[in-house]
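Below you'll find the structure, written out as structure tokens, and then a few comments.
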Amino acid sequence: MMSWTSRDQPETKRKKTEQDMTKGIVSLVESARSNNMASVKKLLLDGTDIHGHCGSDGSALHAATAAGHEDMIRYLLKQGAAVNSKDPAGSSPLQVAAMEGYLAVVRLLIQKGAKIDDSSARHGLALSAAASRGRETVVKYLLKKGASVHVTGGPYGNALQAASWKGNEVIVQTLLNAGADIRARGDSECTALQVAAFAGNSDVVRVLLRRGAKIDIDAPGGKYGCALEAAERHGRYEVVHMLLEGGATRAAYEPTGSESQTAERTEAEQLPPEPVTMSELSPETSGAALSSPSQISVASPAASTTIQGEPQPLRTYRPRPRINDVGFSLIQDPPDAKVDIVFVHGLQGHPEGTWSHTSEAAITRSSIKERFSIGKKPSQIPTSGASREAVFWPWDFLCQSPKFHDCRVITWGYETQVLAEFFGTSDQQNMSQHGNNLMVSLQQERKNDPDRPLIFVAYSLGGIIVKICLNNSRQSKHQPQYLNIYNATRGILFLATPHGGAKAANWGLLASNIAKCALQSPSERVLRGLKPNNELLETLRKAFLQMLEDDHFTIHSFFETKPMVGVYGMNGLVVPYESALVGHARKEICLGVYGNHRDICRFDDENDPGYKAVLGALQDYIEPTKKQVGSNDQTDKPPPQDPEPEKTRAENATERSKHDLDNEYWELLNVYIDTGVFESTFDTSS
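Residues 3 to 688 in our numbering are what the sequence shown spells out, letter by letter.
As structure tokens, this is what we get:
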């Protein structure tokens, strides 16, 4: 009787092929990421390499760490995974855990021998990684375990510069208390003050100046220049004012030394005082500035200042706009707007909070009891709006970009609260009604220029609302005032929109059932549209494909790549890849964003790959649109008028200038009398 041994088996039977090994590693990494313990154990028993890498994700240990699966990490380490292994970018699991803010995982890795001061090009040290994302508890723990505040590495330099970039003043204080050098130079030879000034983090600038950074307030910098230059060149006007009050001087970065510049300065000393604008008159200086009418001059709109030989427009500080919970809120409304960009949030979202990244310091965690407390007012529930410390990227990043200064940016709010306001008035509208409301409200909002090109940025359920809005507009032949919305649309950015239904959205039904027990009726009907194979979604999907065939617009579909961890008990993707795509090869551009369903619409850094992807998509739409609008403007210009004689034109300009100046002077004077600035100087009783 013949028996087979492993030596007798064919080579292809005894050895795994390279393709099989690669498949095994990919499966192992994915199983570790999704916390599938049974699959991980089976793959390891089958001989899958525990140290194998899957693209940029790294090993199974890296994937489990990025997702925060503590038990999975413990098991992999027990099976021999190297605690200090590096992914293709050179990052260790500890750096990944610190960046994500998983304190329990950070503790575990350090207990298992993770090197606390290892550095990588992507994250720097674990301390820097935590500081760059505002992970306060992790920063404090790493310092307690001996992490160095002086070691540099990564994209920011040291941890203090990383925290200054992030804008978390609590972490900045913590690092300074731990001995961080406020004068140290980091990435591109920049100080923490220069980094904070460039990023526009006024709270951090205030802390740094108070803690000793004034000594280097005019120090030259590498990448950004001195602090004042870094702030002024990038439109950080609040920081500019703060630095000037702290003693910064423009001479620190203006070109000096040439004879012509010396002559210009000498001539300037003999000229009347420079014109002032309202933004330059602080309460401390207004009395002196307005002590007599002869000292007042008002800058014209065309007035400019000079920075390093280049004319720059006079700048005024623009405070962050107020965002209403419901309806449209203007984020930016330039008089020469060429494009409308409309943001639409998703399920249980908020027109500001959905698009805001909040640091740990600003997140108020609430229990289930607190969320359903009868005594809680809507404003006390932390799930809606954004806090003072949040990064509201449509304003903080998009509107500060010169390429978007002529874009009208709007955000729309509507009620789909499932976890909040159960014991107040609950919105009873379903998705179709929300979509129709968006169409009607948008038509009212755009009455002054209904043909202006339109771009939507929609997150999750908001994408379905936008599709309903456009479908209703397209079919509104008997109400032609709404047709312009569909005709003017040039592009849509869908961020994790469940075009085919999102299985994971059933988590909302639990909250609905709790509310029913309290004899209330939350927006459960909104959730019905998210069930798989839903008739409404299927009908809408077909209608939207036909819209794309009309060739009015194209779309970008962004899908999430990280599962939700520890949120409502789910470990999978909320909107999987196949559901996040419309499925039109010619009119749809698809792109994955590194983040879970919540992170895909929140960015804390202009260098965030997700923000860059969204920014690039918007630029793809607005640049050709603005060119088209510009060509239309040229066509619509009236024929040129006969020029005035030179003398007459000069005389008229002089008269207009005198008249305008007189009016502006008295308006300005009245404002300051009304505000009480002149109480000690003028007697207004008569």
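Note that the Cβ used here is the ideal one computed from N, Cα and C, for glycine as well.
query, result
"Proximity below 7 Å, CB of A84 to CB of R35", "no"
"Exposed unless 16 or more other CB atoms sit within 10 angstroms - verdict on Q481", "exposed"
"Enclosing alpha helix (DSSP H) for E590 [first to last residue]", "Where E590 is concerned, there is no enclosing alpha helix (DSSP H), although the beta strand (DSSP E) it sits in stretches over E590 to V595."
"Cβ-Cβ distance between V151 and A198 below 7 Å", "no"
"Those residues which DSSP pairs with A460 across a bridge", "V346 and F496"
"7 Å Cβ cutoff met for V140 and L105", "yes"
"Classification of D89 by the beta-carbon crowding that lies within 10 angstroms, buried from 16 upward", "buried"
"With 16 other Cβ atoms within 10 Å as the buried cut-off, status of A232", "buried"
"CB contact flag (S122, Y158, <7 Å)", "no"
"Reference F501, options I466, I470 and Q477, closest by Cα", "This sequence places His at residue 501; Phe is not what is there. With distances taken between Cα atoms, H501 lies closest to I466."
"V616 versus W167 - alpha carbon distance", "21 Å"
"Cβ neighbours of F399 in the same chain (closer than 6 Å, five flanking residues each side left out)", "E608"
"CA-to-CA distance, F394 to G355, given in whole angstroms", "8 Å"
"Contact under 7 Å by Cβ, F458 with P396", "no"
"Counted within 10 angstroms of its Cβ, other Cβ atoms place I325 as buried (16 or more) or exposed", "buried"
"For T563, the three-state DSSP class (helix, strand or coil)", "coil"
"DSSP beta-bridge partners of R410", "D342"
"Unbroken beta strand (DSSP E) run spanning I333, endpoints", "G329 to Q334"
"Beta-carbon proximity list for M39, same chain, < 6 Å, skipping 5 on both sides", "none"
"Simplified DSSP assignment, three categories, for G103", "coil"
"Distance between beta carbons of D205 and E234, contact taken as under 8 Å", "At roughly 19 Å, the Cβ-Cβ gap does not stay under 8 Å, so E234 and D205 are not in contact."
"Where S358 falls: helix, strand or coil (DSSP)", "strand"
"Segment contact, 8 Å Cβ cut-off, at least three pairs: the segment 576-591 with the segment 443-458", "no"
"Alpha-carbon spacing of G60 relative to P611, whole angstroms", "18 Å"
"Q113 versus K147 - alpha carbon distance", "10 Å"
"Which listed residue (A221, T19, T193 and S403) has its alpha carbon closest to that of R238", "S403"
"Anticipated Cβ contact below 8 Å, G156 with S130, distance rounded", "5 Å"
"Nearest neighbour of S475, chosen from H243, T67, Q445 and N37 [CA to CA]", "Q445"
"Residue interval of the alpha helix (DSSP H) (run including Q196)", "A194 to A201"
"Residue span of the alpha helix (DSSP H) that contains L575, given as start and end", "Run containing L575: none; DSSP gives neither H nor E here."
"Neighbourhood of R208 by C-beta, 8 Å cutoff - its chain only, sequence neighbours within 5 removed", "E171 and M244"
"Length of the line joining the Cα atoms of Y416 and R410", "20 Å"
"CA nearest to the CA of Y488, picked from D553, T541, A116 and S462", "D553"
"Cβ-based neighbour list, C56, same chain, cut-off 7 Å, excluding 5 preceding and 5 following", "I27, V28 and V31"
"Secondary structure of G612, DSSP reduced to three states", "helix"
"Straight-line gap, L230 to A221 (C-alpha atoms, nearest Å)", "10 Å"
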